[in-house]
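Chemist:
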Amino acid sequence: FVSSSGQRPCFKVLSKTSTIITLVFLLLSIVVVIAVTLVQINHKEVLSPGLKYGIVLDAGSSRTTVYMYEWPAEKENDTGVVSQTFKCSVKGPGISSYGNNPQEIVKPIDNCMSKVKEKIPSHLHKNTPTYLGATAGMRLLRLKNETAANEVLGSIQNYFRSQPFEFRGAQIITGQEEGVYGWITANYLMGNFLEKTLWRRWVHPHGAETTGALDLGGASTQLSFVPEECVQNSNSTLQVQLYGYEYSVYTHSFQCYGRDEAEKRLLASLVQNSRNKTKVDNPCYPQNYETVLTMKSLYGSLCTVSLRPTNYNPGQLINFRGTGDPALCQEKVSLLFNFTACNDKGEDCSFNGVYQPKLKGKFVAFSGFYYTANALNLTGRFPLADFNSSMWFFCSQNWSQLPFMLPKFEEAYARSYCFSANYLYYLLVHGYKFNTETWPQIHFQKEVIIRLSYAVIPSFPLQVLFLQLVSIRFVNSSGSFQMG
Numbered sequence: 001f002v003s004s005s006g007q008r009p010c011f012k013v014l015s016k017t018s019t020i021i022t023l024v025f026l027l028l029s030i031v032v033v034i035a036v037t038l039v040q041i042n043h044k045e046v047l048s049p050g051l052k053y054g055i056v057l058d059a060g061s062s063r064t065t066v067y068m069y070e071w072p073a074e075k076e077n078d079t080g081v082v083s084q085t086f087k088c089s090v091k092g093p094g095i096s097s098y099g100n101n102p103q104e105i106v107k108p109i110d111n112c113m114s115k116v117k118e119k120i121p122s123h124l125h126k127n128t129p130t131y132l133g134a135t136a137g138m139r140l141l142r143l144k145n146e147t148a149a150n151e152v153l154g155s156i157q158n159y160f161r162s163q164p165f166e167f168r169g170a171q172i173i174t175g176q177e178e179g180v181y182g183w184i185t186a187n188y189l190m191g192n193f194l195e196k197t198l199w200r201r202w203v204h205p206h207g208a209e210t211t212g213a214l215d216l217g218g219a220s221t222q223l224s225f226v227p228e229e230c231v232q233n234s235n236s237t238l239q240v241q242l243y244g245y246e247y248s249v250y251t252h253s254f255q256c257y258g259r260d261e262a263e264k265r266l267l268a269s270l271v272q273n274s275r276n277k278t279k280v281d282n283p284c285y286p287q288n289y290e291t292v293l294t295m296k297s298l299y300g301s302l303c304t305v306s307l308r309p310t311n312y313n314p315g316q317l318i319n320f321r322g323t324g325d326p327a328l329c330q331e332k333v334s335l336l337f338n339f340t341a342c343n344d345k346g347e348d349c350s351f352n353g354v355y356q357p358k359l360k361g362k363f364v365a366f367s368g369f370y371y372t373a374n375a376l377n378l379t380g381r382f383p384l385a386d387f388n389s390s391m392w393f394f395c396s397q398n399w400s401q402l403p404f405m406l407p408k409f410e411e412a413y414a415r416s417y418c419f420s421a422n423y424l425y426y427l428l429v430h431g432y433k434f435n436t437e438t439w440p441q442i443h444f445q446k447e448v449i450i451r452l453s454y455a456v457i458p459s460f461p462l463q464v465l466f467l468q469l470v471s472i473r474f475v476n477s478s479g480s481f482q483m484g
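Mapping of the sequence shown onto UniProt numbering: position 448 corresponds to residue 448, and the numbering continues sequentially without gaps.
(1) With distances taken Cα to Cα, identify the nearest neighbour of L57 among L51, V90 and E70.
(2) Using the Cβ count rule (16 or more neighbours within 10 Å means buried), how would you classify S420?
(3) By DSSP, does F382 sit in helix, in strand, or in coil?
(4) Using three-state DSSP, classify D260 as helix, strand or coil.
(5) Give a yes or no on contact between the stretch 285–295 and the stretch 425–437, applying the rule of three or more CB pairs nearer than 8 Å.
(6) Alpha carbon to alpha carbon, how far is E228 from L143?
(7) For I142, does the three-state DSSP call read helix, strand or coil?
(8) For D215 and D325, what's the separation of their Cα atoms in angstroms?
(9) In this structure, how does DSSP classify L424 when only helix, strand and coil are distinguished?
(10) For the structure I just gave you, are there three or more beta carbon pairs, one from the stretch 161–180 and one from the stretch 125–132, closer than 8 Å?
(11) With a threshold of 9 Å between beta carbons, is R415 in contact with chain D?
(12) Could you name the residues of the same chain whose beta carbon sits closer than 7 Å to that of Q287, not counting the 5 residues immediately before and after it, in chain order?
(13) Alpha carbon to alpha carbon, how far is V249 from V240?
(14) Quick check: the Cα distance between G94 and F382, rounded to an integer number of angstroms?
(15) In or out: E70 buried (at least 16 other Cβ within 10 Å) or exposed?
(16) Which partner residues does T221 have in the DSSP bridge list?
(17) Could you give the first and the last residue of the continuous alpha helix (DSSP H) run that contains N374?
(18) What residue does the alpha helix (DSSP H) around G182 start on, and which one ends it?
(19) Around the Cβ of F394, are there at least 16 other Cβ atoms within 10 angstroms (buried) or fewer (exposed)?
(20) Give the secondary structure of E166 by DSSP, where H, G and I count as helix, E and B as strand, and everything else as coil.
(21) In terms of residue numbering, what span does the beta strand (DSSP E) encompassing N111 cover?
(22) From the DSSP output, which residues share a beta bridge with W71?
(23) Hey, could you find the ends of the alpha helix (DSSP H) L132 is sitting in?
(24) So what does S89 bridge to, in DSSP terms?
(25) In whole angstroms, what separates the C-alpha of D110 from that of G133?
(26) Rounded to whole angstroms, how far is the Cβ of V333 from the Cβ of L266, which I believe are closer than 8 Å?
(27) Using the DSSP secondary-structure output, state which residues sit across from L266 in a beta bridge.
(28) Within the same chain, show all residues whose beta-carbon is closer than 8 Å to that of F351, passing over the 5 residues directly before and after it, in chain order.
(29) Provide the residue span of the alpha helix (DSSP H) that contains E331, from first to last.
(30) Is it buried or exposed for D78, if we count other Cβ within 10 angstroms and need 16 for buried?
(31) For a test of your reading of the model: does the CB of P93 fall under 8 Å from any non-hydrogen atom of the ligand COA? Yes or no.
(32) When the Cα of E246 is compared with those of L270, F193, T135 and R259, which residue comes out closest?
(33) For a test of the three-state rule: what should DSSP assign to F363, helix, strand or coil?
(34) Per DSSP, G322 is paired with what?
(35) Per the DSSP calculation, L317 is bridged to which residue(s)?
(36) List the residues that DSSP assigns as beta-bridge partners of Y355.
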């Protein structure tokens, strides 16, 4: 058309043919742009430095597990996205069981490490940091026989020095370190310290709350959380500095209160109070279950040495018969805790006279806590009443019924789940002071899922590698951690 002024407009209506041609040209342009972009991305990936690897051995009291991790070689703000890509359970018991024959620990570890070698490119072996962190089992061995503990670590160190990896050391961490490392790692992986924005920047989450950590191992148990009010001059509180924020973390580790050592103490006390010292009823074992244990298996631990009978004979056999009595089991389990030691200490006391501030916030319960709840067909969050009813039902069962009730049946674990459930109940409710209102704040979880990425990583084994990645420093003199 023609404007009123007689001049042609600066645009025109296109014919159908020209419209089609224009659309085709536009589509071709888009394809070209996408192709160029993909080429650039692929070119960038080719030029990227790739991945780095790390190996952590979690040497617990009952088992050792080898974990292999990988992360981008270029860390974002020193916070690499870490993925667990391989896991291998070392056959046999924990390394503390090799106190009398430390050289024998090498072969089972090597079986796992041989598999790791195949998964990491050979040219990166020499740049792959490798750590071993030992927990309560080795802490107990060191207290009992420091020479034996040193020989076990020495055997492990000699082995790794002959390997192609960059061995950074094998160490026995303290209970307090174990507790706070678990708390740091769990919160880091849950995104409570940092989160990535749409602009790929790491920032502190607005209004983020930290999560408490509950860890039940074989020889010790740890409770770690940030209380409502800062606690001054407490040996159980650490000042943790993370990315410009400071947290006052209460953490305590109870030696000999891990699941395995606690059950040994129960069995030893049953023998002590039984008229017949070689045939003993156990109300926590299922009905019609019987097993034979040696005195050494009960009293060989530092946690039970004080309960040794005067006629102690390491090879002496003791026959335990299960009676499946939930009420009596609960009564016997309660005697493992010294609650009267808190009578004159007010409400801020757990058991054995140990100071504990009032619980605050949500908690994640892993390791033995998770496996016990899972045996009762309970996971995630659930009411305390559900746990009690499931525990009571499970403990009333006959031994022959358990294979049909458990997700995975193994005699050594199946016989002890009733004890574990009662022990978990007394520890959490009467010890740590969880109640019907706060119990649902506990999330029973096998593994901690990283919220910022795609990785699933167990909470403790990552801690040593995590420290290396984000550069934490533990200052013994001031009791503080710093990161970032």
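Note that the Cβ used here is the ideal one computed from N, Cα and C, for glycine as well.
Modeler: Concretely, from the data shown:
(1) V90
(2) buried
(3) coil
(4) helix
(5) no
(6) 35 Å
(7) Residue identity check: residue 142 is Arg in the sequence provided, not Ile. If DSSP states are grouped into helix, strand and coil, R142 belongs with the helices.
(8) 27 Å
(9) helix
(10) yes
(11) The chain inventory of the structure shown lacks chain D, comprising one protein chain alone.
(12) G322, T323, G324, N398 and W399
(13) 7 Å
(14) 32 Å
(15) buried
(16) L216 and F254
(17) G368 to A375
(18) G175 to L189
(19) buried
(20) strand
(21) Note, N111: premise wrong, no beta strand (DSSP E); alpha helix (DSSP H) at V106 to K119.
(22) K52
(23) Looking at the DSSP string, L132 is not in any alpha helix (DSSP H); the run it does join, the beta strand (DSSP E), is P129 to A134.
(24) T65
(25) 17 Å
(26) 7 Å
(27) DSSP, once it has assigned bridges, lists no residue as partnering L266.
(28) F337, N338, F339, A341, C342, H430 and G431
(29) P326 to S334
(30) With a pLDDT of 45 at D78, under the threshold of 50, the modelled position of that residue is not reliable, and the figure given next carries that caveat. With fewer than 16 Cβ atoms within 10 Å of its Cβ, D78 is classed as exposed.
(31) No copy of the ligand COA appears in this structure; indeed no ligand is present at all.
(32) F193
(33) strand
(34) N282
(35) T294
(36) C349
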